[in-house]
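Student: So in our numbering, the last spot in the sequence shown is 148, and the numbers never skip.
Have a look at this one before I ask anything.
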Amino acid sequence: MFKSHNEEELMAIGQKIGQVLKKQDVVVLTGDLGAGKTTLTKGLARGLGITQMIKSPTYTIVREYEGRLPLYHLDVYRIGEDPDSIDLDEFLFGQGVTVIEWGELLNDSLPSDYLEVVIRKVDDGRCVSLSASGPRSKEVIGDLG
Numbered sequence: 004m005f006k007s008h009n010e011e012e013l014m015a016i017g018q019k020i021g022q023v024l025k026k027q028d029v030v031v032l033t034g035d036l037g038a039g040k041t042t043l044t045k046g047l048a049r050g051l052g053i054t055q056m057i058k059s060p061t062y063t064i065v066r067e068y069e070g071r072l073p074l075y076h077l078d079v080y081r082i083g084e085d086p087d088s089i090d091l092d093e094f095l096f097g098q099g100v101t102v103i104e105w106g107e108l109l110n111d112s113l114p115s116d117y118l119e120v121v122i123r124k125v126d127d128g129r130c131v132s133l134s135a136s137g138p139r140s141k142e143v144i145g146d147l148g
């Protein structure tokens, strides 16, 4: 579990995660509206060597960025229970890292191995916890040691 007191610390947590990610890694970001999912993604992008400004893909569903690996940043809140409305395989099995905000809404459409990052608001900042659903995501958590 990580703790952040401000946006910069939350981005630093994301950067640390981004530095250990590899091609076809999937990160699911879970948290209430305003918890810091996009802020954490900004740090994750830094860890992937991406210098472009990261924006929430709320209305576009997907934004792509180029760095050490491509970053596919998805916000699936608007597609809700209809994951077939976008071709997830294009991102999940592509050449980059896929970050999915509100990914818990996809349920069975998620791959069997993904890293879930849960961001919770607490009085003095945010608590960030990680859970692995398979061997690769366990390896990522281990690499963060």
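Glycine included, each C-beta is placed from N, C-alpha and C at the ideal position.
Hey, could you find the ends of the beta strand (DSSP E) residue 128 is sitting in?
Tutor: 128-135
Student: Are the Cβ atoms of residue 46 and residue 77 separated by less than 8 Å?
Tutor: no
Student: Flag this pair as touching only if the region 63-70 and the region 131-143 have three or more C-beta atom pairs under 8 Å; answer yes or no.
Tutor: no
Student: Would you kindly report the start and end of the unbroken beta strand (DSSP E) that includes residue 64?
Tutor: First-last for residue 64: undefined, no H or E at that position.
Student: Check whether the Cβ atoms of residue 79 and residue 108 sit closer than 8 Å, and answer yes or no.
Tutor: yes
Student: If you follow the alpha helix (DSSP H) that residue 140 is part of, which residue opens it and which one closes it?
Tutor: 138-147
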